[in-house]
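Novice: Would you mind keeping the following structure in view while I ask a few things?
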Amino acid sequence: MSRTVRATAFAGVLTLALSGCGGVGGGSDAGGGTATEGALSTMGFGFSDEIAITRVDAFKRDHPDVDLKVTEGAFDEQQFLSAVASGNPPDLVYMDRKLIGTYAKRGSIQPLTDCVKKQDINLDQYRPAARAQVTLDGTVYGIPEFSTVRVVYLNEGLLKKAGMTADQVNLADWAALPGLNAKLATVSGNRLSRIGIDPKIPEFLPMWAKANGADMLSADGRTARLDDPKVIEALTTGANLIQQQGGWGRFKSFRDTFDFFGAQNPLSKNQIVAWPMEEWFLNQAAKNTPTAELVVKPFVDRQGKPLTQSAGQAWVITKGAKNPDAACAFVKQMTATDTWMAAAKARADARKSAGLPFTGIYTANADADKKIFEELYQPTGNKRFDDAVATIRSVQDAAFAMPASPAGAEFDKAYYDAVNRVLAGQEQPAQALRRAQQEATAALDKAAK
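Now the structure itself:
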């Protein structure tokens, strides 16, 4: 996976004996001003692929006096908060950008005002949606890494069997979705063997709501709008698609068997026809099923205008970090244009050696992406993948993101719980979202105090 770091089977601590040439004393400090040395620890990151390894190697080369300890594995909130409370936190944490507002408000992470100034980090290079997610009340608390956007994947082979083309799959026409879903799904005696349309809720509810003209959270991240009739309509639409396919229990049980990271993925096994998903699946499809009949289209609003939601990870420096200077140099170099270019080249070389297509990498650094696609990326010759790359690139700059919020985690829990109650048949959409509105508002009011 080239996006977020997947949890490893163990959570050991890997100590990198950083060695190389051109260290801080020699004047090649990538930070450009503050000497970096001593111990530096991280949480939530790992060496999942050449993208991660190449960038850490760049830091290793330029900062030989830093002793970097990377605790591999996914971000663990309880472990993080316990470490901060104990006064012995890691210096750096790699976390979902949607959590940053919450931890900034709690004082668990540091403002990066001094870091940006000392290291001369150009914030304008980062995409606006990613930048907004790491900024609370005008203060930057994180440096964004990848830029994950959502697009629609279509299994054209299954569409052909249904007598359809990719152009006939119109997600803008919500009234026609039940009929389309019935035509594409395979349900027999309450047994689901092929998903027609997966709306990907609760995760993608903000995107469906946005497509319907509603923002679930105000731009300043302080006012919930979960009971907006347009949000209720979006949830009703998604829930009905799932109910058509045997209900949530059967739908989820079937979908949970999918392996999106291997050759036996749901595309190759013809287990799904149409679904919105993050752009990283294109990289997996190119690697594992390069001959699949895949078509990638933009997600669209109800007027048919392309729409996507941006998300991703960011680096933050913790309250109580013992080596903030080295931490700042690290996050600058990990997200710098030249570092991304080197990582992309490593990926391209690896794919070329394996005889597989290189579909690019997509970062929060717009300058880096421009350089990667202008100087490194070459069309694969496979029209399906080349068109898919063009689609993903076309929606990057039009992406919206959920705003940074002082109660972002609590807001997410409120609407996730609401969707799950609806899917479980416990509440109707309007009732569930009215309750979620109350819960989210209470959390936001508490955070404001």
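Going left to right, the sequence shown walks through residues 1068 to 1516 as this note's numbering numbers them.
We put the CB at the ideal spot given by N, CA and C, even for glycine.
(1) Could you tell me the distance, in whole angstroms, from the CA atom of V1308 to the CA atom of I1262?
(2) Within 10 angstroms of the Cβ of G1205, are there 16 or more other Cβ atoms? Answer buried if so, exposed if not.
(3) When you compare each of K1437, W1315, W1275 and R1418 to K1372 by their alpha carbons, which one comes out closest?
(4) With DSSP run on the structure shown, which of helix, strand or coil describes D1134?
(5) Near G1168, what residues of its chain come up, given a Cβ to Cβ distance below 7 Å and the 5 sequence neighbours on each side ignored?
(6) For the alpha helix (DSSP H) holding L1490, just list the boundary residues, first then last.
(7) CB-CB under 6 Å to A1150, same chain, minus the five flanking residues each way: which ones, in chain order?
(8) Quick one: grab the DSSP three-state call for R1502.
(9) Return yes when at least one heavy atom of the ligand NAD lies under 7 Å from the C-beta of G1313, else no.
(10) What is the C-beta distance between V1218 and T1458, in whole angstroms, given that I count them as a contact (C-beta under 8 Å)?
(11) Please report the distance separating the alpha-carbon of S1461 from that of F1478.
(12) Could you check what DSSP says for L1107 in three-state terms: helix, strand or coil?
(13) Decide if the stretch 1338–1355 is in contact with the stretch 1279–1299; the criterion is three or more beta carbon pairs, one per stretch, under 8 Å apart.
(14) Using a Cβ distance threshold of 8 Å, determine whether the stretch 1493–1500 contacts the stretch 1299–1306, with at least three qualifying pairs required.
(15) Give the range of the alpha helix (DSSP H) segment to which S1149 is assigned.
(16) Is T1375 helix, strand or coil when you go by DSSP?
(17) Does the Cβ-Cβ distance between D1484 and A1503 come in under 8 Å?
(18) Would you give the residue range spanned by the alpha helix (DSSP H) that G1313 belongs to?
(19) Check the C-beta distance from A1433 over to Q1186 and give it rounded, since I have them as a contact under 8 Å.
(20) Tell me which same chain residues have a C-beta within less than 6 Å of the C-beta of S1175, skipping the five on either side of it?
(21) Of all the alpha helix (DSSP H) runs that stay within the bounds of the stretch 1149–1215, which reach a length of 4 or more residues?
Specialist: Reading it off the structure:
(1) Position 241 of the sequence shown, counting from 1, holds the residue named residue 1308. Position 195 of the sequence shown, counting from 1, holds the residue named residue 1262. Per the sequence shown, residue 1308 should be read as Leu rather than Val. L1308 and I1262 have their C-alpha atoms spaced approximately 10 Å apart.
(2) On the sequence shown, residue 1205 is found 138 positions in, with the first residue counted as 1. The residue is exposed, with fewer than 16 neighbouring Cβ atoms inside 10 Å.
(3) The residue given as residue 1372 occupies position 305 in the sequence shown. Distances from the alpha-carbon of K1372 to those of K1437, W1315, W1275 and R1418 put W1275 closest.
(4) Numbered from its first residue, the sequence shown carries residue 1134 at position 67. When DSSP states are grouped into helix, strand and coil, D1134 belongs to the strand group.
(5) Residue numbering aside, residue 1168 sits at position 101 when the sequence shown is read from its first letter. Around G1168: L1203, G1288, A1471, S1472, P1473 and G1475.
(6) Here residue 1490 corresponds to residue number 423 of the sequence shown, with the count starting at 1. Where L1490 is concerned, the enclosing alpha helix (DSSP H) stretches over G1475 to L1490.
(7) Taking the sequence shown and counting its residues from 1, the one referred to as residue 1150 is at position 83. Closer than 6 Å at the Cβ level, and outside the excluded window around A1150, lie P1156.
(8) Stepping through the sequence shown from its first residue, residue 1502 is reached at position 435. If DSSP states are grouped into helix, strand and coil, R1502 belongs with the helices.
(9) No copy of the ligand NAD appears in this structure; indeed no ligand is present at all.
(10) Looking up residue 1218 in the sequence shown gives position 151. Looking up residue 1458 in the sequence shown gives position 391. Here V1218 really is in contact with T1458; their C-beta atoms are around 6 Å apart, less than 8 Å.
(11) Locating residue 1461 in the sequence shown gives position 394, where the first residue counts as 1. Locating residue 1478 in the sequence shown gives position 411, where the first residue counts as 1. Distance between the alpha carbons of S1461 and F1478: 30 Å.
(12) Your numbering for residue 1107 matches position 40 in the sequence shown. If DSSP states are grouped into helix, strand and coil, L1107 belongs with the strands.
(13) No, the stretch 1338–1355 does not touch the stretch 1279–1299.
(14) They touch, by the three-pair rule.
(15) Taking the first residue of the sequence shown as 1, we reach residue 1149 at position 82. S1149 -> alpha helix (DSSP H) spans E1144 to S1153.
(16) On the sequence shown, residue 1375 is found 308 positions in, with the first residue counted as 1. T1375: coil per DSSP, three-state reduction.
(17) As a working mapping, residue 1484 is identified with position 417 in the sequence shown. As a working mapping, residue 1503 is identified with position 436 in the sequence shown. Yes.
(18) Position 246 of the sequence shown, counting from 1, holds the residue named residue 1313. Looking at the DSSP string, G1313 is not in any alpha helix (DSSP H), and its letter there is neither H nor E.
(19) The sequence position of residue 1433 within the sequence shown is 366, counting from 1. The sequence position of residue 1186 within the sequence shown is 119, counting from 1. With a Cβ gap of about 19 Å, A1433 and Q1186 do not count as contacting.
(20) Locating residue 1175 in the sequence shown gives position 108, counting from the first residue. Short of 6 Å from the beta carbon of S1175, and not among the five residues preceding or following it, lie these beta carbons of its own chain, in chain order: V1151 and K1386.
(21) For the stretch 1149–1215, whole alpha helix (DSSP H) runs of length 4 or above, ordered along the chain, are 1167–1173, 1180–1185 and 1195–1200.
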